[in-house]
Amino acid sequence: MLLPALDVAPDVLIRAVTEEVIAIIKDNQASLSGAEGQKMVAKLIEDKVAPHFDFTAMTKLAVGRYWRDATEDERRMLTEEFRRLLVRTYAQVLLSFRDSTVVFKPLRMAPDATDVIVRLELKQGGVSPIAITLAMEKSAMGWKIYDVTVDLVSLVTTYRGSFASKIRESGIEGLIRELSDKNRQLGR
Numbered sequence: 000m001l002l003p004a005l006d007v008a009p010d011v012l013i014r015a016v017t018e019e020v021i022a023i024i025k026d027n028q029a030s031l032s033g034a035e036g037q038k039m040v041a042k043l044i045e046d047k048v049a050p051h052f053d054f055t056a057m058t059k060l061a062v063g064r065y066w067r068d069a070t071e072d073e074r075r076m077l078t079e080e081f082r083r084l085l086v087r088t089y090a091q092v093l094l095s096f097r098d099s100t101v102v103f104k105p106l107r108m109a110p111d112a113t114d115v116i117v118r119l120e121l122k123q124g125g126v127s128p129i130a131i132t133l134a135m136e137k138s139a140m141g142w143k144i145y146d147v148t149v150d151l152v153s154l155v156t157t158y159r160g161s162f163a164s165k166i167r168e169s170g171i172e173g174l175i176r177e178l179s180d181k182n183r184q185l186g187r
């Protein structure tokens, strides 16, 4: 059973969520192939992992300066479409690394810290480990992830470039449409 996020140190929270998700995947290994397996993992991510992300902050950072030009409705739609994309992408990644070992690095954190980096590695036989960092901020709802970096590449920074390009080309509505189309394709 997962610990309440409000009372838990960020590294303990990440370890608990990760171990719970890995256990569920291992218990359901036989049913993980194909589209149905991907849907099952996406639901698992939505139920167990997504509550620990601040998708509004991630979207705001990824959209950058264009965020202030967006209406409330556009912000809501951008956040929802970006959330759907990230959940589906994470489900695909999780399926491809389900045989990996997760190594949690020690957390260095001041007692009154409100912003931390949780580090971990994915190890898979015969290949270099994949370094993952989770940028987390303490909120009224507990610790929330607002960026993920994989082998020194920030998810938010990567999307910022492509989002800015799309917004310059076809406006915020164009970006929402593109994300929605991508989500429909991934949902098949």
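The sequence shown begins at 0 in numbering that gives the first Met the number 0 and counts up one residue at a time. Glycine included, every Cβ here is placed at the ideal spot set by N, Cα and C.
Reduced DSSP secondary structure (H/G/I, E/B, other) of residue i
| i | result |
| --- | --- |
| R167 | helix |
| K190 | Residue 190 lies beyond the residue range present for the chain, which begins at 0 and ends at 187; the question has no answer from this structure. |
| D111 | coil |
| G36 | helix |
Segment limits, beta strand (DSSP E) that includes residue i
| i | result |
| --- | --- |
| K137 | 129 to 138 |
Residue span of the alpha helix (DSSP H) that contains residue i, given as start and end
| i | result |
| --- | --- |
| L31 | Neither: L31 is in no alpha helix (DSSP H) and is coded neither H nor E. |
| R83 | 71 to 95 |
CB contact check: residue i to chain C, cutoff 8 Å
| i | result |
| --- | --- |
| R167 | Among the chains of the structure shown, chain C does not appear; only one protein chain is present. |
Cα-Cα separation, residue i to residue j
| i | j | result |
| --- | --- | --- |
| S99 | I129 | 10 Å |
| Y89 | L133 | 14 Å |
| D111 | E19 | 28 Å |
Proximity of residue i and residue j at Cβ, strictly below 8 Å
| i | j | result |
| --- | --- | --- |
| L176 | G63 | A small correction: the amino acid at residue 176 is Arg; Leu does not occupy that position in the sequence shown. Taking 8 Å as the Cβ cut-off, R176 and G63 do not qualify as a contacting pair. |
| V117 | D10 | yes |
| K137 | T113 | yes |
| K47 | V16 | yes |
| L93 | V40 | yes |
| I166 | V149 | no |
Nearest neighbour of residue i, chosen from the options [CA to CA]
| i | options | result |
| --- | --- | --- |
| R171 | D72, V126, V11, A134 | In the sequence as displayed, the identity of residue 171 is Ile instead of Arg. Answer by Cα proximity: D72. |
| R82 | D53, V7, G125, Y65 | D53 |
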